[in-house]
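In this text, residue positions in the sequence shown follow full-length UniProt numbering: the first is 1, and each later residue adds one. Beta carbons: idealized from backbone N, C-alpha and C, even for Gly. The structure presented is a predicted model; accordingly, all values stated were derived computationally and were not measured.
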Amino acid sequence: MTAYRSEFRRSIEQPEAFWAEQARRLPWFTPPQTVLRHDDQGHARWYEDGELNLCHAALDHHVEQGRGDQPAVHWDSPVTGGKRTLSFREMRDEVARFAGALRGLGVEKGDRVIIYMPMVPEALVAMYACARLGAVHSVVFGGFAPHELAMRIEDAEPRVVVAASCGIEVDRVLPYKPIVDEAIAQSAYRPEACVVLQRAQHRAELGAIDHDWADLVARAAPAECVPVKATDPLYVLYTSGTTGKPKGVVRDTGGYGVALHYSMEVVYDMAPGEVFFSASDVGWVVGHSYIVYAPLLRGCTTVVYEGKPVRTPDAGAFWRLIAEYRVKSFFTAPTAFRAIKKEDPEGLRLAEHDISCLKALFLAGERLDPPTFHWLEDLLTVPVVDHWWQTETGWPIAANLQGLEPMPTKAGSATVPVPGFDVQVLNREGQPAPALEQGSVVIKQPLPPGCLAGIWRDPQRFHSAYMAAFPGYYLTGDGGYFDEDGYLFIMGRTDDVINVAGHRLSTGEMEEVVGAHPAVAECAVIGIHDALKGQVPVGLVIPKDGFDGDELALENELIARVRERIGPIACFKQVLVVDRLPKTRSGKILRKLLRNIADGQAFGIPSTIDDPASLEDVHEAMKNREVGDAHQARRV
Numbered sequence: 001m002t003a004y005r006s007e008f009r010r011s012i013e014q015p016e017a018f019w020a021e022q023a024r025r026l027p028w029f030t031p032p033q034t035v036l037r038h039d040d041q042g043h044a045r046w047y048e049d050g051e052l053n054l055c056h057a058a059l060d061h062h063v064e065q066g067r068g069d070q071p072a073v074h075w076d077s078p079v080t081g082g083k084r085t086l087s088f089r090e091m092r093d094e095v096a097r098f099a100g101a102l103r104g105l106g107v108e109k110g111d112r113v114i115i116y117m118p119m120v121p122e123a124l125v126a127m128y129a130c131a132r133l134g135a136v137h138s139v140v141f142g143g144f145a146p147h148e149l150a151m152r153i154e155d156a157e158p159r160v161v162v163a164a165s166c167g168i169e170v171d172r173v174l175p176y177k178p179i180v181d182e183a184i185a186q187s188a189y190r191p192e193a194c195v196v197l198q199r200a201q202h203r204a205e206l207g208a209i210d211h212d213w214a215d216l217v218a219r220a221a222p223a224e225c226v227p228v229k230a231t232d233p234l235y236v237l238y239t240s241g242t243t244g245k246p247k248g249v250v251r252d253t254g255g256y257g258v259a260l261h262y263s264m265e266v267v268y269d270m271a272p273g274e275v276f277f278s279a280s281d282v283g284w285v286v287g288h289s290y291i292v293y294a295p296l297l298r299g300c301t302t303v304v305y306e307g308k309p310v311r312t313p314d315a316g317a318f319w320r321l322i323a324e325y326r327v328k329s330f331f332t333a334p335t336a337f338r339a340i341k342k343e344d345p346e347g348l349r350l351a352e353h354d355i356s357c358l359k360a361l362f363l364a365g366e367r368l369d370p371p372t373f374h375w376l377e378d379l380l381t382v383p384v385v386d387h388w389w390q391t392e393t394g395w396p397i398a399a400n401l402q403g404l405e406p407m408p409t410k411a412g413s414a415t416v417p418v419p420g421f422d423v424q425v426l427n428r429e430g431q432p433a434p435a436l437e438q439g440s441v442v443i444k445q446p447l448p449p450g451c452l453a454g455i456w457r458d459p460q461r462f463h464s465a466y467m468a469a470f471p472g473y474y475l476t477g478d479g480g481y482f483d484e485d486g487y488l489f490i491m492g493r494t495d496d497v498i499n500v501a502g503h504r505l506s507t508g509e510m511e512e513v514v515g516a517h518p519a520v521a522e523c524a525v526i527g528i529h530d531a532l533k534g535q536v537p538v539g540l541v542i543p544k545d546g547f548d549g550d551e552l553a554l555e556n557e558l559i560a561r562v563r564e565r566i567g568p569i570a571c572f573k574q575v576l577v578v579d580r581l582p583k584t585r586s587g588k589i590l591r592k593l594l595r596n597i598a599d600g601q602a603f604g605i606p607s608t609i610d611d612p613a614s615l616e617d618v619h620e621a622m623k624n625r626e627v628g629d630a631h632q633a634r635r636v
């Protein structure tokens, strides 16, 4: 680990010199003189006197440097049969024109724009157009229900909403415009305009504030890049919080650009001109960082895929894309490969495609379980890299650094902290935990460039959620440990945010939906292990006294409510009606114990429990209904 240790030590001991060196690799309008400053609460502010524009750095700059004809974006859509390739010059021109269209609607530097689109090139165009104007985009995943979109509209207060007429699933067309209309109707805040990209599969009816994308762009004049401060926000991306209210993670511009450019070289081993494929969605942080911004900042080609790992048309979809576009590095979530493994357990589809171009496979978004890791390792001849990061950090915290010094892999480990991240494991007293002892995984301040700059419109929540638990450290919310070799193992969340197929969702928010049903007296939603999706939510419900309705009908109603309010992405498909829930004497539901029972782990009766029999009752109910692995759990 000689090269790694040298680079890591320099990043921790001399952060200003280290990150000044990395910053010089971006095209600044005004190069920063102040590399690092701490605000009143000790939070890092990077490059605050520098000015740049990430659209310029990712598009215009490469055209100026002679890469104008190189492919910037390959769009591949097996659900529609469509394909399209845009060069850096074509992307720049489309972005400039759409930025002009947004400016014509009154969008200026600092204004917010919500983007509600599927995986189409225009989603990237809309994001870069906002960056070009210095506007702040907030992309909302196209599968979210009206209530979720409404909450984000209220919080972000966008001047304009940009949407597609529909999204395409494997077996259906999902109209988006009715969802947008319902969300605006539910919201206390009203955007001034909505721009709609009309797709051939479904054309939306336009209302009073609506504009057709094509008509608007046809009348627009191209807009030039607006210089912004490095500390100005690039986007707000909402992630689930334990209170049920989404947290608007604010990403700055300069630090983010520097970190992404560095990570493309050091983590992913990508050079200009090479092809990078991330099978995610622009609605998630992986899409923001490694579909939209990082590849193009590095001068690479990005693949935008509108399809699934399976059924579009089969479990060989990823292998076909890698072969067709000559992908060097591929990044997806473990869930995707669990689905592929389920349909093609022997990996026979791989033999149909020449993927000799592939040099590394990266997985993140949830813990990579050892069986999936070993299946991939046996199937492929390239490194299988489990790496770990969060919406809040914006780029990897720990990884096997393919562009710096590849290391031997260990199943279940994200390998080592990436330079810039001083990762530590602390016990409950806030002291460093010895090797192999689990504790809270934290990052010592200052956080490196690219990490969250705050929570939108809620600075106190930023401090209380991440910085207050262990002063001087950022709380990741994950538990884990280091082994004797310095390898980091992440074991799972320590709060009630669960990870469903790589998507972080709040069980607290689901409890709000379930608890609002007039027949429900009390409820708990827990995340339990699922072989395919990593985790799935399960509801435990106590009906109100006197309830004499059909329990099965109640369960179905609650499932439908969560689907309506949060969306199918929650995978909320199982509800259990129980007589009582295990609680402490202070009234706190013992959720961790419930998770242990559902996951088939041995459990004991804690001394703090108010009614020990309640735990046995829930255990029996879970066994009878075959919830998770509860039938394997035993009392100790």
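For residue i versus residue j, is the C-beta spacing smaller than 8 Å?
{"i": "V250", "j": "L452", "result": "yes"}
{"i": "W456", "j": "A156", "result": "yes"}
{"i": "V79", "j": "I168", "result": "yes"}
{"i": "V442", "j": "Y474", "result": "yes"}
{"i": "D252", "j": "A230", "result": "yes"}
{"i": "R92", "j": "D69", "result": "no"}
{"i": "D545", "j": "K583", "result": "no"}
{"i": "P417", "j": "A433", "result": "no"}
{"i": "V627", "j": "V538", "result": "yes"}
{"i": "I597", "j": "A630", "result": "yes"}
In three-state DSSP terms, what is residue i?
{"i": "P446", "result": "coil"}
{"i": "A531", "result": "coil"}
{"i": "R298", "result": "coil"}
{"i": "N556", "result": "helix"}
{"i": "I184", "result": "helix"}
{"i": "E224", "result": "coil"}
{"i": "D617", "result": "helix"}
{"i": "I605", "result": "coil"}
{"i": "V520", "result": "strand"}
{"i": "L452", "result": "coil"}
{"i": "A20", "result": "helix"}
{"i": "R103", "result": "helix"}
{"i": "F277", "result": "strand"}
{"i": "A333", "result": "coil"}
{"i": "R504", "result": "strand"}
{"i": "Q424", "result": "strand"}
{"i": "C357", "result": "coil"}
{"i": "H137", "result": "strand"}
{"i": "H38", "result": "strand"}
{"i": "A315", "result": "coil"}
Near residue i, which residues of its chain fall below 6 Å by C-beta distance, leaving aside the five closest residues on each side in sequence?
{"i": "F489", "result": "G412, S413, G480 and Y481"}
{"i": "V562", "result": "M510, V513, A570 and F572"}
{"i": "R326", "result": "V275 and C357"}
{"i": "H353", "result": "W319, R320 and A323"}
{"i": "G287", "result": "S280 and D281"}
State yes or no: is the beta carbon of residue i nearer than 8 Å to at least one beta carbon in chain D?
{"i": "R504", "result": "Considering every chain present, this structure includes no chain D. It has just one protein chain."}
Return the residue from the list the options that minimises the CA-CA distance to residue i.
{"i": "G254", "options": "D171, P449, L401 and D39", "result": "P449"}
{"i": "V384", "options": "T415, L86 and L321", "result": "T415"}
{"i": "I566", "options": "I179, P146 and G502", "result": "P146"}
{"i": "A317", "options": "S77, A230 and V63", "result": "S77"}
{"i": "T335", "options": "F141, F547, E564 and N499", "result": "N499"}
{"i": "I115", "options": "Y235, E343 and A23", "result": "Y235"}
{"i": "A524", "options": "G502, D483 and V575", "result": "V575"}
{"i": "P246", "options": "T231, V140 and G273", "result": "V140"}
{"i": "V536", "options": "G454, E437 and G502", "result": "G502"}
{"i": "P31", "options": "A20, G42, G50 and G515", "result": "G50"}
{"i": "P408", "options": "D485, M622 and L54", "result": "D485"}
{"i": "A333", "options": "R591, A351 and V285", "result": "V285"}
{"i": "L379", "options": "E392, R349 and E405", "result": "R349"}
Tell me which same chain residues have a C-beta within less than 7 Å of the C-beta of residue i, skipping the five on either side of it?
{"i": "V382", "result": "L358, K359, A360 and L361"}
{"i": "G299", "result": "H62, R67, P272 and G273"}
{"i": "G143", "result": "G567, P568 and I569"}
Give every residue of the same chain whose Cβ lies closer than 8 Å to the Cβ of residue i, excluding the five residues on either side of it in the sequence, and list them in chain order.
{"i": "A57", "result": "L26, P27, G257 and L297"}
Check whether the stretch 13-22 touches the stretch 36-48, counting contact only when three or more Cβ pairs, one atom from each stretch, lie closer than 8 Å.
Yes: the two stretches touch, three or more of their Cβ pairs being nearer than 8 Å.
Query - the stretch 181-197 / the stretch 207-216 touching (three or more Cβ pairs under 8 Å) - result: With the rule of 3 Cβ pairs closer than 8 Å, the stretch 181-197 counts as touching the stretch 207-216.
inquiry  = With three or more beta-carbon pairs closer than 8 Å as the criterion, would you say the stretch 506-525 touches the stretch 554-564?
reply    = Output reads yes: the stretch 554-564 touches the stretch 506-525.
Do the stretch 181-190 and the stretch 218-226 meet, that is, are 3 or more Cβ pairs less than 8 Å apart? Counting Cβ pairs under 8 Å, fewer than three are found: no touch.
- Query: So, do the stretch 385-405 and the stretch 259-269 have three or more beta carbon pairs nearer to each other than 8 Å?
  - Reply: They touch, by the three-pair rule.
Inter-stretch contact (C-beta, 8 Å, three-pair minimum) for the stretch 125-133 and the stretch 97-114: Result yes; three or more Cβ-Cβ pairs closer than 8 Å.
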